[in-house]
Structure formats: C-alpha cells, structure tokens
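Chemist:
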Amino acid sequence: MHIDWDALAAVCATSLTVVILLVGAFSFGLAALTRPRKEQPSGAEPAGTADALAKATAVLCFAVCAALACYGIVLIVSQSR
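Just so we're aligned, residue 2 is where the sequence shown starts under the numbering used here, counting upward by one.
(1) For Cys13, count neighbouring C-beta atoms within 10 Å of its own C-beta (all shown protein chains included) and say buried if the count is 16 or more, exposed if not.
(2) Tell me whether Ile21 sits in a helix, a strand or coil according to DSSP, three-state version.
(3) Whose C-beta lies closer than 8 angstroms to the C-beta of Ala33 among residues of the same chain, with five residues either side of it excluded?
(4) Which residue from Leu17, Val65, Cys66 and Arg36 puts its Cα closest to that of Asp52?
(5) Taking DSSP as the reference, what is the three-state secondary structure of Ile4?
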C-alpha cells in the first residue's frame with residue numbers, strides 16, 4: 002500500500018485553513034449580532050445605522066459559513082459519483 006504523503010499533507014492543510022476560516026467567520030458573525038447597544042450622544046450617527054451595519058456584517062459572515070458548508074457538501078457528493 003502506497004500513501005501519497007504530499008497529497009495527504011495538502012488535504013490536511015486545506016482542511017485546517019477552511020476550519021479556521023469557518024470558525025472565525027461564525028464567531029465574528031455572533032460577535033456582530035450580539036454586540037452591546039450603546040446610547041448615542043447628540044450629534045453622532047443614528048443608532049439605527051450602527052445596528053443595521055452590525056446585522057449586515059452578521060448576515061454576511063453567516064452567508065460565508067453557509068457557502069463553505071455547501072461547497073464542502075458539493076465536494077463530497079461529486080467524489081461519490
């Protein structure tokens with residue numbers, strides 16, 4: 002039995018990179034979604050703008066997570082055919 006160590010190392014490195022990216026994106030999304038709301042002093046930008054930006058950031062991070070998960074499923078299914 003022959004093991005292609007270079008291919009195994011490439012798969013491990015790619016998997017580790019994607020997992021770190023996935024966990025980081027999910028964590029950043031949760032942090033953006035649950036960040037504390039602060040009272041805005043008069044003359045500052047409206048609080049609604051900051052809340053909308055935080056929600057948009059969270060949605061973007063969760064979309065990245067969903068895209069990575071779907072891409073992984075596509076890779077697995079395409080190899081099984």
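C-beta atoms are modelled at their ideal positions from N, C-alpha and C, and glycine is treated no differently. All values reported here derive from a predicted model rather than from experimental measurement.
Modeler: In terms of the structure at hand:
(1) For the purposes of this step, residue 13 is identified with residue 12 of the sequence shown, where counting begins at 1. Flag for Cys13 reads exposed.
(2) Stepping through the sequence shown from its first residue, residue 21 is reached at position 20. Here DSSP, grouped into helix, strand and coil, assigns Ile21 to helix.
(3) In the sequence shown, residue 33 corresponds to position 32, counting from 1. Cβ within range, chain order: Ala55, Lys56, Thr58, Ala59 and Cys62.
(4) The residue labelled residue 52 in the question sits at position 51 within the sequence shown. Across the set Leu17, Val65, Cys66 and Arg36, the C-alpha of Arg36 shows the shortest separation from the C-alpha of Asp52.
(5) Residue mapping note: residue 4 aligns to position 3 of the sequence shown, counting from 1. Assigned with DSSP and collapsed to three states, Ile4 falls in coil, not helix or strand.
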